[in-house]
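Contents: one structure, followed by commentary.
In the numbering used here, the protein residues as written are 4 to 166.
Here it is in structure tokens:
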């Protein structure tokens, strides 16, 4: 490998890592505009293993916005990211597959908690009372606007409910 190719691979890895982080932050902050912008125009998400829906990014964002109103606090921790770059039409590095584990502590909304998206830093204190974990599978595509999510599949492996 030449130094130029190695540098390009490192830069792609940083960009992919940033995209995955932006995904978690958009969901945690309830920034559904940012969430939609992370996807390709035909991007899809599948949350069925976590009791959700599968569909295009716009419909899933609407479903998430409604479903996550139950939680005053949410914070994805996405770890153990494994990135594999692929080819598209014989151009190396135009696709990527990312497998990443997650843990997601959340706290149910109670009286006095902020329910507005984007106000997650201002909710009253307390430990999370709902925690789930699993693995994300991201299919990414390099576009003229940078790396975007073509598909994400959530594979929830466990959850702990209050009580």
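We treat Cβ as the ideally placed atom computed from N, Cα and C, and that holds for glycine.
Q: State yes or no: is the C-beta of residue 29 within less than 8 angstroms of the C-beta of residue 41?
A: Within the chain shown, residue 29 is the residue found at index 26, counting from 1. Within the chain shown, residue 41 is the residue found at index 38, counting from 1. Taking 8 angstroms as the Cβ cut-off, residue 29 and residue 41 qualify as a contacting pair.
Q: List the DSSP bridge partners of residue 86.
A: Locating residue 86 in the chain shown gives position 83, where the first residue counts as 1. Residue 86 pairs with 101.
**Q.** Counted within 10 angstroms of its Cβ, other Cβ atoms place residue 141 as buried (16 or more) or exposed
**A.** Start at 1 with the first residue of the chain shown, and residue 141 comes out as number 138. Buried, by the Cβ-count rule.
Q: Give the single residue among 155, 132 and 16 whose Cα lies nearest to the Cα of residue 43.
A: Counting from 1 along the chain shown, the entry for residue 43 is found at position 40. Nearest option by C-alpha distance: 155.
Q: Report the option in 132, 144, 64 and 59 whose CA atom is closest to the CA atom of residue 200.
A: With the chain covering only 4 through 166, there is no way to say anything about residue 200.
Q. In three-state DSSP terms, what is residue 34?
A. As a first step, residue 34 is located in the chain shown; it is residue number 31 there, counting from the start. If DSSP states are grouped into helix, strand and coil, residue 34 belongs with coil.
(Q) Between which two residues does the beta strand (DSSP E) holding residue 73 run? (A) Locating residue 73 in the chain shown gives position 70, counting from the first residue. First-last for residue 73: undefined, no H or E at that position.
Q. Taking the DSSP output, what are the residues bridged to residue 165?
A. Within the chain shown, residue 165 is the residue found at index 162, counting from 1. The partner list for residue 165 (beta bridge, DSSP) is empty, contrary to what the question assumes.
Q: Give the range of the beta strand (DSSP E) segment to which residue 43 is assigned.
A: As a position in the chain shown, residue 43 is number 40, starting the count at 1. Segment 42 to 49, the beta strand (DSSP E) holding residue 43.
(Q) Tell me which residues share the same chain as residue 157 and place their Cβ nearer than 7 angstroms to its Cβ, disregarding the 5 neighbours each side in the sequence. (A) Counted from its first residue, the chain shown places residue 157 at position 154. Hits under 7 angstroms: 49, 50, 52, 53, 137 and 139.
Q: Within the same chain, show all residues whose beta-carbon is closer than 6 angstroms to that of residue 22, passing over the 5 residues directly before and after it, in chain order.
A: In the chain shown, the residue the question calls residue 22 occupies position 19. Excluding residues within five positions, the ones whose Cβ falls inside 6 angstroms are 150.
Q) Are residue 46 and residue 152 closer than 8 angstroms when you measure CB to CB? A) One-based indexing of the chain shown puts residue 46 at position 43. One-based indexing of the chain shown puts residue 152 at position 149. Yes, these two residues count as a Cβ contact at 8 angstroms.
Q | residue 69 to residue 90 span [Cα, whole Å] | A | Residue 69 sits at position 66 when you count from the first residue of the chain shown. Residue 90 sits at position 87 when you count from the first residue of the chain shown. Their backbone Cα atoms lie some 37 angstroms apart in a straight line.
(Q) Just to confirm my understanding: we take residue 146, look at its own chain, exclude 5 residues before and 5 after, and list those with CB closer than 7 angstroms. What are they? (A) Within the chain shown, numbered from 1, the residue matching residue 146 stands at position 143. 43.
Q.
Restricting to Cα atoms, I'd like to know which of 7, 133, 148 and 5 is closest to residue 78.
A. Along the chain shown, read from residue 1 onward, the residue named residue 78 stands at position 75. If we check each option's Cα against that of residue 78, 133 comes out closest.
Q | Proximal residues to residue 37 (C-beta, below 6 angstroms), its chain only, five neighbours per side dropped | A | By one-based count along the chain shown, residue 37 stands at place 34. Correct list, in chain order: 29.
Q) Sorted by chain position, which residues of the same chain lie with C-beta nearer than 8 angstroms to residue 107's C-beta, five sequence neighbours on each side aside? A) The residue labelled residue 107 in the question sits at position 104 within the chain shown. So the qualifying residues of the chain are 77, 78, 79, 80, 134, 135 and 136.
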